[in-house]
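Contents: one structure, followed by commentary.
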Amino acid sequence: MTDKTVVVVGHGMVGHRFVTDLRRADITDQWRVVVLGEESDPAYDRVGLSSYVSSWDRTALALAGNDYAGDDHVEVRLGVRAEAIDRDGRRVVASDGTEIPYDALVLATGSYAFVPPVTGKEHPRCFVYRTLDDLDDIRAAADSSEPGSVGVVVGGGLLGLEAANALRSLGMTAHVVEFAPRLMPLQVDDGGGALLAKLVGELGVTVHTGVSTTAVQARHDGGITVGLSDDTEIDAELLVFAAGVRPRDDLARGAGLDVGDRGGVLVDSACRTADPDIYAIGEVAAVDGRCYGLVAPGYSTAEVVADRLLGGDRAFAGADMSTKLKLLGVDVASFGDAMGAAEGALEIVHSDPVAGTYAKVVVSDDATTLLGGILVGDADAYATLKPMVGRAIPGDPAALITPASSGGGIGVGALPDDAEICSCNAVTKGAICAAIADGSCDIASIKGCTGAGTTCGGCVPSITTLLADSGVELSKSLCAHFAQSRAELFEIVASTGVRTFSELIARFGTGAGCEVCKPTVASILASTSSDHILDGEQAALQDTNDHFLANLQKNGSYSVVPRMPGGEVTPEQLIVIGEIARDFGLYTKITGGQRIDMFGARVDQLPQIWRRLVDAGMESGQAYGKSLRTVKSCVGSSWCRYGVQDSVAMAVHLEKRYRGLRSPHKIKFGVSGCARECAEARGKDVGVIATESGWNLYVAGNGGQRPAHAQLLASNLDDDTLIAYIDRYLMFYIRTADRLQRTAPWLESLDGGLDHLRAVVCDDSLGIADHLEAAMERHVEGYRDEWAAVLDDPEKLSRFVSFVNAPDEPDPTVGFTESDGRRVPVLLGSPAMPGAPRHAG
1 MTDKTVVVVG
11 HGMVGHRFVT
21 DLRRADITDQ
31 WRVVVLGEES
41 DPAYDRVGLS
51 SYVSSWDRTA
61 LALAGNDYAG
71 DDHVEVRLGV
81 RAEAIDRDGR
91 RVVASDGTEI
101 PYDALVLATG
111 SYAFVPPVTG
121 KEHPRCFVYR
131 TLDDLDDIRA
141 AADSSEPGSV
151 GVVVGGGLLG
161 LEAANALRSL
171 GMTAHVVEFA
181 PRLMPLQVDD
191 GGGALLAKLV
201 GELGVTVHTG
211 VSTTAVQARH
221 DGGITVGLSD
231 DTEIDAELLV
241 FAAGVRPRDD
251 LARGAGLDVG
261 DRGGVLVDSA
271 CRTADPDIYA
281 IGEVAAVDGR
291 CYGLVAPGYS
301 TAEVVADRLL
311 GGDRAFAGAD
321 MSTKLKLLGV
331 DVASFGDAMG
341 AAEGALEIVH
351 SDPVAGTYAK
361 VVVSDDATTL
371 LGGILVGDAD
381 AYATLKPMVG
391 RAIPGDPAAL
401 ITPASSGGGI
411 GVGALPDDAE
421 ICSCNAVTKG
431 AICAAIADGS
441 CDIASIKGCT
451 GAGTTCGGCV
461 PSITTLLADS
471 GVELSKSLCA
481 HFAQSRAELF
491 EIVASTGVRT
501 FSELIARFGT
511 GAGCEVCKPT
521 VASILASTSS
531 DHILDGEQAA
541 LQDTNDHFLA
551 NLQKNGSYSV
561 VPRMPGGEVT
571 PEQLIVIGEI
581 ARDFGLYTKI
591 TGGQRIDMFG
601 ARVDQLPQIW
611 RRLVDAGMES
621 GQAYGKSLRT
631 VKSCVGSSWC
641 RYGVQDSVAM
651 AVHLEKRYRG
661 LRSPHKIKFG
671 VSGCARECAE
681 ARGKDVGVIA
691 TESGWNLYVA
701 GNGGQRPAHA
711 QLLASNLDDD
721 TLIAYIDRYL
731 MFYIRTADRL
741 QRTAPWLESL
751 DGGLDHLRAV
761 VCDDSLGIAD
771 HLEAAMERHV
781 EGYRDEWAAV
791 LDDPEKLSRF
801 VSFVNAPDEP
811 DPTVGFTESD
821 GRRVPVLLGS
831 PAMPGAPRHA
841 G
């Protein structure tokens with residue numbers, strides 16, 4: 001029973017992590033949680049803040065579960081700031097005038113953007129780079145400027161380079177000013193910084209290092225002039241301060257809590273302040289005097305405090321400050337003792353300015369132990385080198401950074417079993433190898449078994465190498481009858497014109513086939529032509545659902561789902577559906593895809609039901625097929641006061657274009673008319689979200705056993721470009737995916753991931769865009785409703801009987817019962833169907 005209250009001040013990434021960890025572990029509901037969040041948005045991914053510039057979708061950065069829906073033990077107050085702490089009365093005074101009593105107080109106030117003492121820094125065209133609101137302000141200023149106008153960023157560290165990239169994305173010309181003699185002075189050395197400046201400069205960013213910003217002056221035309229310490233003056237339209245952050249410890253100072261020499265609330269290894277009822281976590285916590293500015297150490301402090309409040313003894317054991325980043329498209333990594341601060345440390349450098357790479361490893365004075373390193377331009381070796389820090393070097397230290405093309409490089413196989421491959425989830429090489437030995441023979445199964453690779457994904461290349469080195473044969477064969485993969489069979493069918501399973505297996509396979517290859521080939525044949533799936537010998541290849549063009553249910557009956565493009569349906573069609581359900585005694589339900597599902601139909605009743613639906617202007621909703629299922633939409637700008645585009649019209653257009661499209665697995669779409677995302681588009685295989693200037697396209701999201709959010713592929717597309725990109729994406733998926741592979745795991749397994757997919761779809765890197773679009777046009781032109789085609793063909797109609805020897809008798813096996821006032825279908829006997837089901841569902 002809840003009898004204690006913990007107040008959390010701050011609803012950022014670390015504050016959210018604390019609440020999540022506490023609620024997950026607090027199985028007896030000891031604690032009630034009150035969260036004060038100063039921003040209007042609930043917890044979001046501040047590490048990914050720069051991605052907001054490409055979508056301007058505030059919900060895209062939302063952390064999972066940040067509203068704690070359904071949890072009565074968590075109260076979140078957004079837009080409410082903690083003004084003071086009454087330690088004697090154990091109360092927090094909030095900006096809304098309330099006073100909140102606490103048994104424990106957790107300070108997760110994070111940090112604030114540091115603004116150096118520059119004359120004129122208060123000018124309205126000077127900004128900081130810290131929150132979503134900050135980026136909205138920067139965008140507004142950029143939009144009011146001419147394309148190509150100059151924007152100045154003060155700070156050449158991680159945040160500064162991200163801000164520069166944001167300005168470039170807004171159509172501005174960026175200048176970066178860094179006081180230190182090199183960019184990213186905390187992560188790279190002079191050699192790495194020089195190459196980084198060169199690579200960044202080649203992208204059109206002007207870099208000023210070794211100088212400070214002295215003044216900002218207003219110009220008569222509304223712009224500003226930025227003065228530098230070397231007497232350089234830059235005429236600009238805006239300036240962004242991204243010169244670092246400082247712990248936001250003012251609340252703690254006001255309460256008389258001890259702070260560190262360089263700021264931050266002093267806490268011990270339990271993250272407890274001098275007041276035993278007050279804790280500090282994340283960037284504001286100075287653990288034994290040191291603040292940590294990365295999210296991973298922040299998460300560790302959150303875990304510690306959650307454990308302590310539940311009676312545990314977990315302690316903060318320090319943090320790995322290694323980083324691997326991609327800034328303006330340039331790889332940068334730093335790990336261990338990157339600057340060679342250890343006594344007697346030796347540095348080995350490999351610099352290739354032509355290739356645009358810089359690599360340095362720091363080793364012990366006897367050259368036997370790896371201490372740290374820096375990688376710029378190519379950080380592929382990071383996954384192997386980072387776990388080796390503090391360990392004996394297996395061989396020549398120079399081989400650690402010698403290009404593999406020169407016969408150098410040391411692989412992950414040389415690491416000992418206790419080396420940590422996945423630092424996000426503390427998974428060792430030994431654990432991964434054990435999972436492989438136990439039968440986990442692909443990335444997805446290793447992720448599910450060990451948790452490795454499920455957070456940042458940086459260790460996936462190492463996992464792939466361990467798989468390849470394990471001796472486990474990773475067969476690409478579809479089954480015992482085809483040595484080829486599904487993708488290879490697709491290319492064979494497309495290039496040879498083979499149109500039957502018997503010819504394909506005779507020419508390219510062995511034996512008679514099985515329940516794996518037959519439906520797979522049937523799907524390929526359907527994806528490469530507009531032939532009806534029940535034509536000729538194809539009918540015998542189909543699984544049960546496709547065989548009867550309806551979805552088999554657990555009681556042996558079938559469901560009928562007519563298409564309702566975008567969720568639209570006329571009153572007349574609703575009446576017909578109601579009459580059919582009444583006349584045939586069917587159970588009806590609104591589906592999650594904005595359709596009406598009718599359950600309980602017998603095989604012999606299906607054509608009768610279809611006839612009445614077809615006569616009412618409806619068609620098959622493909623709810624039985626590995627094909628496009630639904631395109632869900634909100635009401636969009638037609639009705640909603642927030643809508644910025646006509647999402648319904650777009651959803652109807654997309655559903656009619658891609659209806660009947662056969663694919664390796666089912667496909668679902670969502671189209672939202674604004675960033676409020678009422679159609680839940682980011683949980684779909686194709687998600688389309690309206691912006692004021694077009695559409696954002698998200699891909700490869702889906703539910704199932706491993707739900708996945710869709711990822712942003714392209715932004716602010718016009719209608720024609722959106723359609724072209726979806727055409728290419730879907731046909732590329734259909735051509736290359738494995739059997740029964742949904743889009744999320746397909747993208748995960750795709751070499752190069754989202755970057756490669758974007759290159760293929762948006763940049764036509766493979767030169768196949770026209771071919772993919774032409775293939776889709778053939779599908780669109782050849783589409784015919786499968787229900788109507790059966791009704792027009794006596795031979796196909798003859799399949800739809802309950803008993804082969806008694807076509808006129810009703811099916812006696814399906815009945816209904818009443819449960820809590822609901823009419824529920826039940827199985828009374830054996831399913832009356834010709835043949836046994838193969839792939840129900």
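For the sequence shown, the UniProt record's numbering assigns the number 1 to the initial residue and increments by one for each residue that follows. Note that beta-carbon positions come from the ideal geometry of N, C-alpha and C, so glycine has one too.
CB contact flag (residue i, residue j, <9 Å)
i           : j      : result
Gly110      : Pro297 : no
Leu375      : Val362 : no
Ala651      : Gly566 : yes
Val304      : Gly377 : no
Ile726      : Ser527 : no
residue 854 : Leu36  : The question about residue 854 has no answer here: the residues shown for the chain are numbered 1 through 841.
Arg507      : Val521 : no
Ala243      : Val115 : yes
Val14       : Leu22  : no
Asp307      : Arg314 : yes
Tyr44       : Leu135 : no
Val516      : Arg662 : no
Pro562      : Ser620 : yes
Val152      : Thr213 : yes
Asp189      : Ala338 : yes
Arg7        : Leu105 : Sequence inspection shows Val at residue 7; the Arg mentioned does not correspond to that position. Going by C-beta atoms, Val7 is nearer than 9 Å to Leu105.
Lys632      : Lys666 : no
Arg130      : Ala141 : no
Ile401      : Ala359 : yes
Ala60       : Arg799 : no
Asn696      : Leu717 : yes
Ile281      : Ala108 : yes
Asp41       : Arg17  : no
One or two residues paired with residue i in a DSSP bridge
i      : result
Trp56  : Answer is none; Trp56 lacks a bridge partner.
Met598 : Val560 and Thr588
Thr369 : Ala392
Leu61  : DSSP, once it has assigned bridges, lists no residue as partnering Leu61.
Asp331 : Lys326
Leu107 : Val9 and Ala280
Trp695 : Ala690 and Leu717
Asn702 : Ala708
Leu628 : Ile667
Where residue i falls: helix, strand or coil (DSSP)
i      : result
Val19  : helix
His350 : strand
Gly451 : coil
Leu541 : helix
His11  : coil
Gln217 : strand
Glu677 : coil
Lys518 : helix
Ala786 : Checking the displayed sequence, the identity of residue 786 turns out to be Glu instead of Ala. Three-state result, Glu786: helix.
Ser95  : coil
Glu86  : Sequence inspection shows Asp at residue 86; the Glu mentioned does not correspond to that position. Reduced to three states, the DSSP call for Asp86 is strand.
Ala25  : helix
Ala708 : strand
Glu503 : helix
Tyr658 : helix
Val760 : helix
Open item on the list: Taking contact to mean 3 or more Cβ pairs, one atom from each stretch, closer than 8 Å, check whether the region 150-162 and the region 319-327 are in contact.
Closed with: yes
TODO: Flag this pair as touching only if the region 234-251 and the region 210-226 have three or more C-beta atom pairs under 8 Å; answer yes or no.
DONE: yes
- [ ] Quick one: which unbroken beta strand (DSSP E) runs of 3-plus residues sit fully inside the region 218-294? Chain order, please.
- [x] 224-228, 233-236, 238-241, 245-247, 265-267, 278-280 and 285-287
Open item on the list: Could you check whether the region 713-731 touches the region 754-767, counting it as contact only if at least three pairs of C-beta atoms, one from each stretch, sit closer than 8 Å?
Closed with: yes
Open item on the list: Give the list of continuous alpha helix (DSSP H) stretches no shorter than 4 residues that lie fully inside the region 153-224.
Closed with: 158-169 and 190-202
Open item on the list: Does the contact criterion of 3 or more C-beta pairs under 8 Å hold for the region 138-151 versus the region 279-298?
Closed with: Touching, no, given that fewer than three Cβ pairs across the two stretches are closer than 8 Å.
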